[in-house]
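> Adding 1 to a residue's 1-based position in the sequence shown gives its number in this note's numbering. Every residue gets a Cβ at the ideal spot worked out from N, C-alpha and C, and that includes glycine. As the structure is a computational prediction, the values presented were derived from the model and not from experiment. Let me begin by handing over the structure; questions about it come next.
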Amino acid sequence: MHGLGNGGSPLLGNFPTFPQDGCPGDIVDNCNLPVWEMATPWVNCSVKAHPGDFSVDMNTNILAEMTVTNHTAIYRFTFVQIPKEANATLSPLILADTIDLSLSRNNASVQVDDYTGRISGSGTFSSSVGIVNYNLHFCADFSSARQFVTQASSLTVERAQSQKKT
(Lines of atoms letter the chains of each structure in order from A and count residues from 1; the text may use other names and numbers.)
(Lines give C-alpha, C1' and ligand atoms only; values in the text may rest on other atoms or scores of the structure.)
Protein backbone atom coordinates (compact mmCIF):
# COMPACT_ATOMS: atom_id res chain seq x y z
CA MET A 1 0.00 0.00 0.00
CA HIS A 2 1.13 3.53 -0.72
CA GLY A 3 -0.21 6.46 1.27
CA LEU A 4 -0.43 9.97 -0.07
CA GLY A 5 0.28 12.97 2.09
CA ASN A 6 3.12 14.49 3.99
CA GLY A 7 2.72 13.28 7.53
CA GLY A 8 0.21 13.52 10.28
CA SER A 9 -1.17 10.41 11.90
CA PRO A 10 0.50 7.06 11.19
CA LEU A 11 -1.06 5.13 8.35
CA LEU A 12 -0.82 1.78 6.63
CA GLY A 13 1.33 -0.85 8.38
CA ASN A 14 -1.47 -3.28 7.56
CA PHE A 15 -1.30 -6.93 8.64
CA PRO A 16 1.98 -6.92 10.59
CA THR A 17 3.62 -10.34 10.86
CA PHE A 18 5.42 -11.33 14.05
CA PRO A 19 7.73 -14.38 14.05
CA GLN A 20 8.77 -15.92 17.37
CA ASP A 21 11.19 -18.85 17.75
CA GLY A 22 9.12 -20.59 20.40
CA CYS A 23 7.05 -20.06 23.50
CA PRO A 24 8.12 -20.93 27.06
CA GLY A 25 6.83 -24.42 27.81
CA ASP A 26 5.69 -24.66 24.15
CA ILE A 27 2.42 -22.97 25.23
CA VAL A 28 1.21 -20.27 22.84
CA ASP A 29 -0.26 -18.13 25.65
CA ASN A 30 3.25 -17.85 27.16
CA CYS A 31 4.54 -15.99 24.09
CA ASN A 32 4.42 -12.23 23.73
CA LEU A 33 0.93 -11.91 22.25
CA PRO A 34 -0.40 -8.40 22.92
CA VAL A 35 0.77 -6.09 20.13
CA TRP A 36 2.54 -3.79 22.61
CA GLU A 37 4.76 -6.70 23.73
CA MET A 38 5.70 -8.00 20.27
CA ALA A 39 8.28 -5.40 19.30
CA THR A 40 11.67 -7.05 18.96
CA PRO A 41 15.02 -5.24 18.84
CA TRP A 42 17.30 -5.90 15.88
CA VAL A 43 21.02 -6.68 15.90
CA ASN A 44 23.09 -3.54 15.38
CA CYS A 45 24.95 -3.44 12.04
CA SER A 46 22.83 -6.30 10.59
CA VAL A 47 20.55 -4.11 8.47
CA LYS A 48 21.01 -4.59 4.72
CA ALA A 49 18.97 -2.43 2.39
CA HIS A 50 18.94 -2.23 -1.41
CA PRO A 51 16.18 -0.98 -3.73
CA GLY A 52 13.32 -3.47 -3.34
CA ASP A 53 15.17 -5.63 -0.80
CA PHE A 54 15.63 -5.37 2.98
CA SER A 55 16.95 -7.76 5.63
CA VAL A 56 17.73 -7.58 9.33
CA ASP A 57 18.77 -10.02 12.05
CA MET A 58 16.38 -9.85 14.99
CA ASN A 59 17.53 -10.06 18.60
CA THR A 60 15.59 -13.34 18.81
CA ASN A 61 17.99 -15.04 16.33
CA ILE A 62 15.48 -14.77 13.48
CA LEU A 63 16.61 -13.41 10.11
CA ALA A 64 13.85 -11.32 8.51
CA GLU A 65 14.02 -10.64 4.78
CA MET A 66 11.55 -8.60 2.74
CA THR A 67 11.06 -7.66 -0.90
CA VAL A 68 8.22 -5.85 -2.66
CA THR A 69 6.59 -5.29 -6.02
CA ASN A 70 3.78 -2.92 -6.96
CA HIS A 71 1.13 -5.26 -5.55
CA THR A 72 2.93 -7.75 -3.34
CA ALA A 73 5.22 -7.92 -0.34
CA ILE A 74 7.17 -11.12 0.25
CA TYR A 75 8.67 -11.95 3.64
CA ARG A 76 11.04 -14.77 4.54
CA PHE A 77 11.86 -15.65 8.14
CA THR A 78 14.79 -17.94 8.87
CA PHE A 79 14.84 -19.50 12.33
CA VAL A 80 18.00 -20.73 14.05
CA GLN A 81 18.17 -24.26 15.42
CA ILE A 82 18.35 -23.20 19.10
CA PRO A 83 15.66 -21.00 20.73
CA LYS A 84 16.84 -17.84 22.47
CA GLU A 85 14.59 -18.22 25.54
CA ALA A 86 15.90 -20.71 28.11
CA ASN A 87 12.60 -22.57 28.71
CA ALA A 88 11.40 -22.54 25.11
CA THR A 89 11.44 -25.32 22.58
CA LEU A 90 12.19 -24.56 18.95
CA SER A 91 8.60 -24.42 17.79
CA PRO A 92 8.34 -21.37 15.50
CA LEU A 93 5.24 -19.22 15.83
CA ILE A 94 3.99 -16.83 13.17
CA LEU A 95 1.42 -14.30 14.31
CA ALA A 96 -0.34 -12.40 11.53
CA ASP A 97 -2.29 -9.51 13.03
CA THR A 98 -5.17 -7.65 11.41
CA ILE A 99 -4.32 -4.19 12.72
CA ASP A 100 -2.75 -1.18 11.03
CA LEU A 101 -0.58 1.62 12.43
CA SER A 102 -3.48 4.00 13.03
CA LEU A 103 -5.70 1.27 14.53
CA SER A 104 -8.38 2.10 11.95
CA ARG A 105 -9.53 -1.47 11.25
CA ASN A 106 -13.26 -1.84 11.68
CA ASN A 107 -13.81 -5.33 10.28
CA ALA A 108 -11.47 -8.29 9.80
CA SER A 109 -11.31 -12.03 9.43
CA VAL A 110 -8.49 -14.58 9.57
CA GLN A 111 -8.43 -18.24 8.64
CA VAL A 112 -5.67 -20.74 9.44
CA ASP A 113 -5.47 -23.99 7.52
CA ASP A 114 -4.12 -26.37 10.13
CA TYR A 115 -3.00 -28.83 7.44
CA THR A 116 -0.97 -26.54 5.14
CA GLY A 117 -0.26 -23.75 7.63
CA ARG A 118 -1.67 -21.13 5.24
CA ILE A 119 -2.87 -18.00 7.02
CA SER A 120 -5.27 -15.83 5.03
CA GLY A 121 -7.51 -12.95 5.86
CA SER A 122 -8.89 -9.56 5.04
CA GLY A 123 -9.76 -6.31 6.70
CA THR A 124 -11.57 -3.04 6.16
CA PHE A 125 -9.59 0.05 7.12
CA SER A 126 -10.32 3.76 7.33
CA SER A 127 -8.45 6.14 5.06
CA SER A 128 -6.24 8.78 6.64
CA VAL A 129 -7.74 11.32 4.22
CA GLY A 130 -11.49 11.66 3.92
CA ILE A 131 -14.17 9.15 4.81
CA VAL A 132 -13.34 6.41 2.30
CA ASN A 133 -12.73 2.88 3.60
CA TYR A 134 -10.57 0.35 1.78
CA ASN A 135 -10.43 -3.44 1.86
CA LEU A 136 -7.17 -5.41 1.91
CA HIS A 137 -6.48 -9.13 1.74
CA PHE A 138 -3.44 -11.20 2.69
CA CYS A 139 -2.18 -14.74 2.39
CA ALA A 140 0.86 -16.33 4.04
CA ASP A 141 2.23 -19.68 2.89
CA PHE A 142 5.08 -21.57 4.53
CA SER A 143 7.53 -23.96 2.91
CA SER A 144 7.40 -27.44 4.42
CA ALA A 145 4.66 -26.29 6.80
CA ARG A 146 2.68 -29.49 6.30
CA GLN A 147 5.43 -31.35 8.19
CA PHE A 148 5.75 -28.85 11.00
CA VAL A 149 2.36 -27.28 11.80
CA THR A 150 1.51 -28.57 15.27
CA GLN A 151 -1.32 -26.21 16.14
CA ALA A 152 -3.38 -23.41 14.67
CA SER A 153 -4.68 -20.55 16.79
CA SER A 154 -6.73 -17.43 16.58
CA LEU A 155 -6.01 -14.58 18.93
CA THR A 156 -8.66 -12.65 20.79
CA VAL A 157 -7.20 -9.61 22.52
CA GLU A 158 -4.37 -11.22 24.55
CA ARG A 159 -5.08 -14.96 24.53
CA ALA A 160 -4.70 -17.62 21.87
CA GLN A 161 -7.43 -20.13 21.20
CA SER A 162 -5.31 -23.10 20.17
CA GLN A 163 -6.15 -26.47 18.78
CA LYS A 164 -3.35 -29.05 18.81
CA LYS A 165 -3.10 -31.27 15.75
CA THR A 166 -3.23 -34.99 16.39
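1) How long is the line joining the alpha carbons of Gln21 and His51, rounded to whole angstroms?
2) What does the Cβ neighbour count give for Ile120, buried or exposed, with the cut at 16 atoms within 10 Å?
3) Helix, strand or coil for Asp30 per DSSP?
4) According to DSSP, simplified to helix, strand and coil, what is Thr167?
5) Considering only the alpha carbon of each residue, which of Met39, Met59, Leu34, Trp37 lies closest to Cys46?
6) Do the region 68-83 and the region 106-126 touch if we need at least three Cβ pairs shorter than 8 Å?
7) Using a 10 Å radius around the Cβ and a threshold of 16 neighbouring Cβ atoms, would you call Val133 buried or exposed?
8) By a C-beta neighbour count over all protein chains shown, 10 Å radius and 16 as the cutoff for buried, is Cys140 buried or exposed?
9) Measuring CA to CA, which of Asp142, Thr68, Val69 is closest to Asp114?
10) Quick one: residues in its chain with C-beta nearer than 6 Å to the C-beta of Thr68, no 5 flanking neighbours on either side, listed in chain order?
11) Buried or exposed: where does Gly26 fall if 16 or more other Cβ atoms within 10 Å of its Cβ makes it buried?
12) Just verifying my parser: in three-state terms, what is the DSSP assignment at Thr18?
In brief:
1) 25 Å
2) buried
3) helix
4) Confidence in Thr167 is poor, its pLDDT being 47 and thus under 50, which makes the residue's placement too unreliable to answer from.
5) Met59
6) no
7) exposed
8) exposed
9) Asp142
10) Gly53, Asp54, Ile75
11) exposed
12) strand
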